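Undergrad:
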Amino acid sequence: MARIRAGQGGPSMMDVARRAGVSIATVSNVVNGKGNVSQRTTERVNKAVSELGFVRNDAARMLATGSTSSIGMVLADLDNSLFVDMAHGAQQGADERGYRLLLGNSACSIPRQEDYLRLFDEARVAGVLLAPMEDSTVGIEQIRSHGRPIVLINYQQVGSDCCTVLVDNEMVGYLAARHLIDLGRRRLVFLADKDFYQPVHDRREGVRRAVSEMSDVSLEEIDTQGLRFEHGLKVAEDFGTLGRADLPDGVVAVTDEIANGLATGLHAQDIAVVPNDIAIIGCEDNRSAQSGPVLLTTVGLSGTQLGQAATDLLIEELTTPVWEHTHRTVIVAPSLVLRGSTAIGAFMPA
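FYI, in full-length UniProt numbering the residues of the sequence shown are 1 to 350.
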């Protein structure tokens, strides 16, 4: 049996080729998941890799190509299952094409987001997927200036030279409000944080458009000062100070977390029955839509589809000559997901 001499720093691709009885190019294709290699040859190469303990040298690959086979992904909030689903979709797309996904959670912090973008740039990732919360011009331009493609998810940066995957968030808000209006609800409230987050702004515009089409529908907009469960609970407490006649009969919450907090608070404090007194609809269809006292009707965004589409765009750009590539935007349509929070007579546990 051939042995690797001490001092060589581990087996090389040439050693694997000799053991498997193939060319170095064939070993490279198998190790990197590229080329058309027969199953029998692939098995021989993989057996040699295992026997020799060969480890692919990504540092050498980086020196030769200027990048690795890794994709960096920065998400705004991994406490929100929408972003977790985006990561799953991106992971699936990367795995299918022989890339590895490196994940960073900015936790809604621009400084932390910039840190991750800088880290991925220094690590020479092949490209970056970014789902930002706010204006990210500086970070985007830093990545682009070093020749790395970047794809934005659910965010459109004005003037940015990159591909984008978007949900029609204006339609998200419109569908939500229109659903309540079609149920006969006429005193609507929209719950959202300020418009620092682009999807919030766009969903607000959609709600306003739906209400503007009806002369007999009123709309009150409440600043929740956040997008989480506890911000919905606070609104429920505020509703508890109102008389029944002053309560809305329909609520659009800009996120499912706010909607769940509101429904939970209304039920716990016996303020109103959902949906008989107040119909509630959220946005995003994340896991919190199914974790409260009533299952939430919501407008689904399909985070998995967003992540998969973004990865496809990025790898398409990576594998297309610069002079042939055209940046484009992919629009993912939202869909209404009907559940108990807008269905009269929905069961609410004691």
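Note that the Cβ used here is the ideal one computed from N, Cα and C, for glycine as well.
All figures in this text were calculated on a predicted structure; none of them were measured in a lab.
From Leu180 to Val207, what distance separates their C-alpha atoms?
TA: Taking the first residue of the sequence shown as 1, we reach residue 180 at position 180. Taking the first residue of the sequence shown as 1, we reach residue 207 at position 207. Near 11 Å, if we compare the C-alpha coordinates of Val207 and Leu180.
Undergrad: What separation, rounded to the nearest whole angstrom, lies between the Cα atoms of His231 and Phe190?
TA: Locating residue 231 in the sequence shown gives position 231, counting from the first residue. Locating residue 190 in the sequence shown gives position 190, counting from the first residue. Looking at the two C-alpha atoms, the distance is approximately 13 Å.
Undergrad: Could you spell out where the beta strand (DSSP E) holding Thr342 opens and where it closes?
TA: Along the sequence shown, read from residue 1 onward, the residue named residue 342 stands at position 342. Element bounds for Thr342: n/a, residue is neither H nor E.
Undergrad: Straight-line CA distance for Ser106 to Glu122?
TA: Here residue 106 corresponds to residue number 106 of the sequence shown, with the count starting at 1. Here residue 122 corresponds to residue number 122 of the sequence shown, with the count starting at 1. Going by the C-alpha atoms only, they are around 17 Å apart.
Undergrad: Using CA coordinates, which residue listed in Ser50, Arg203, Val37 is at the minimum distance from residue 351?
TA: Given a span of 1 to 350 for the chain in the structure shown, any question on residue 351 remains unanswerable.
Undergrad: Taking only three categories from DSSP, how would you classify residue 354?
TA: Outside the displayed range of the chain (1 to 350) lies residue 354, so it cannot be described from this structure.
Undergrad: With Val235 and Ile222 assumed to form a contact (beta carbons below 8 Å), what rounded beta-carbon distance in angstroms separates them?
TA: Counted from its first residue, the sequence shown places residue 235 at position 235. Counted from its first residue, the sequence shown places residue 222 at position 222. Correct: roughly 6 Å between the Cβ atoms.
Undergrad: Let me know the secondary structure DSSP gives Met62 once reduced to three states.
TA: The residue you call residue 62 lines up with position 62 of the sequence shown. Below a pLDDT of 50, predicted positions are generally treated as unreliable, and Met62, at 49, falls in that range; the measurement from the model is reported next regardless. Here Met62 sits in helix by DSSP.
Undergrad: Going along the chain, which residues of its own chain have a beta-carbon closer than 6 Å to the beta-carbon of Gly139, five neighbours each way excluded?
TA: Taking the sequence shown and counting its residues from 1, one reaches residue 139 at position 139. Once the five neighbours on either side are set aside, the close Cβ partners of Gly139 are Glu114, Leu117.
Undergrad: Just to confirm, are Thr311 and Leu129 a CB contact at a threshold of 9 Å?
TA: As a working note, residue 311 is residue 311 in the sequence shown. As a working note, residue 129 is residue 129 in the sequence shown. Going by C-beta atoms, Thr311 is nearer than 9 Å to Leu129.
Undergrad: Could you tell me whether any non-hydrogen atom of the ligand FMN is closer than 8 Å to the CB of Asp312?
TA: Although the ligand FMN was asked about, the structure shown includes no ligands whatsoever.
Undergrad: Would you give the residue range spanned by the alpha helix (DSSP H) that Glu134 belongs to?
TA: In the sequence shown, residue 134 corresponds to position 134, counting from 1. Glu134 -> no alpha helix (DSSP H), and no H or E assigned at all.
Undergrad: So the candidates are Gly147, Asn154, Leu233; which of them puts its Cα closest to the Cα of Pro293?
TA: Numbered from its first residue, the sequence shown carries residue 293 at position 293. Minimum Cα distance to Pro293 is reached at Leu233.
Undergrad: From which residue to which residue does the alpha helix (DSSP H) around Asp202 run?
TA: Mapped onto the sequence shown, residue 202 falls at position 202. Unbroken alpha helix (DSSP H) run through Asp202: 198-212.
Undergrad: Hey, quick one: how far does the beta strand (DSSP E) through Gly104 stretch, first residue to last?
TA: In the sequence shown, counting from the first residue as 1, residue 104 sits at position 104. Segment 100-105, the beta strand (DSSP E) holding Gly104.
Undergrad: Output needed for Val27: all residues of its chain with C-beta closer than 6 Å, excluding positions within five of it in sequence on either side, in chain order.
TA: Along the sequence shown, read from residue 1 onward, the residue named residue 27 stands at position 27. Once the five neighbours on either side are set aside, the close Cβ partners of Val27 are Met13, Val16, Ala17, Val45.
Undergrad: Where does Gly307 fall in DSSP's three states?
TA: In the sequence shown, the residue the question calls residue 307 occupies position 307. DSSP places Gly307 in helix when its eight states are reduced to three.
Undergrad: Which of the three DSSP states, helix, strand or coil, is assigned to Leu313?
TA: Along the sequence shown, one-based indexing puts residue 313 at 313. The answer is helix: DSSP assigns Leu313 an H, G or I state.
Undergrad: Considering only the alpha carbon of each residue, which of Gly226, Arg186, Val200 lies closest to Asp216?
TA: For the purposes of this step, residue 216 is taken as the residue at position 216 of the sequence shown. Of the candidates Gly226, Arg186, Val200, the one whose C-alpha sits nearest the C-alpha of Asp216 is Arg186.
Undergrad: What are the complete alpha helix (DSSP H) segments, minimum 4 residues, inside the region 142-192?
TA: 169-182, all fully within the region 142-192.
Undergrad: DSSP state of Pro11, grouped into three classes?
TA: On the sequence shown, residue 11 is found 11 positions in, with the first residue counted as 1. Reduced to three states, the DSSP call for Pro11 is coil.
Undergrad: Take Val74 and list the residues in its own chain whose beta-carbon comes closer than 6 Å to its own, dropping the five residues that flank it on each side.
TA: Numbered from 1 along the sequence shown, position 74 holds the residue referred to as residue 74. These residues qualify, in order along the chain: Gly104, Ser106, Gln113, Tyr116, Leu130.
Undergrad: Return the bridge partner residues of Leu336 from the DSSP annotation.
TA: Counting from 1 along the sequence shown, the entry for residue 336 is found at position 336. In the DSSP output, where bridge partners are listed per residue, Leu336 has Val299.
Undergrad: Spatial neighbours of Leu295 within its chain, please: C-beta separation below 8 Å, excluding the five flanking residues on both sides.
TA: By 1-based counting over the sequence shown, the position of residue 295 is 295. Counting only Cβ-Cβ distances below 8 Å, and skipping sequence neighbours, we find Ala289, Arg339, Gly340, Ser341, Ala346.
Undergrad: CA-CA distance, Leu262 and Ser335?
TA: The count along the sequence shown starts at 1 and reaches residue 262 at position 262. The count along the sequence shown starts at 1 and reaches residue 335 at position 335. Using only the alpha carbons, I get a separation of about 22 Å.
Undergrad: In this structure, does DSSP put Met348 in helix, strand or coil?
TA: Here the question's residue 348 lines up with position 348 in the sequence shown. Residue confidence for Met348 is low, a pLDDT of 42 falling below 50, so the modelled location carries little weight; the figure read from the coordinates is stated next. It is coil, neither helix nor strand.
Undergrad: Return the CA-CA distance between Asp270 and Ala343, expressed in angstroms with no decimal places.
TA: For the purposes of this step, residue 270 is taken as the residue at position 270 of the sequence shown. For the purposes of this step, residue 343 is taken as the residue at position 343 of the sequence shown. Using only the alpha carbons, I get a separation of about 19 Å.
Undergrad: Among the residues of its own chain, which have a CB less than 6 Å from the CB of Ala20, if the five just before and after it don't count?
TA: As a working mapping, residue 20 is identified with position 20 in the sequence shown. The residues are Arg44, Val45, Ala48.
Undergrad: One question on the structure: do Cys163 and His327 come within less than 9 Å of each other, judged by their Cβ atoms?
TA: Reading the sequence shown from its first residue, position 163 is the one you call residue 163. Reading the sequence shown from its first residue, position 327 is the one you call residue 327. Contact: yes.
Undergrad: Around the C-beta of Asn260, are 16 or more other C-beta atoms found within 10 angstroms, so that it is buried, or is it exposed?
TA: Reading the sequence shown from its first residue, position 260 is the one you call residue 260. With 16 or more Cβ atoms within 10 Å of its Cβ, Asn260 is classed as buried.
Undergrad: Am I right that Asp168 and Ala309 are in contact with their C-beta atoms under 8 Å? What's the rounded C-beta distance?
TA: To locate residue 168, count along the sequence shown from 1; it is residue 168. To locate residue 309, count along the sequence shown from 1; it is residue 309. Their Cβ separation, rounded to whole angstroms, is 14 Å, which puts Asp168 and Ala309 out of contact at 8 Å.
Undergrad: At the level of alpha carbons, what is the spacing between Arg124 and Pro132?
TA: Counting from one through the sequence shown, the residue named residue 124 turns up at place 124. Counting from one through the sequence shown, the residue named residue 132 turns up at place 132. About 20 Å.
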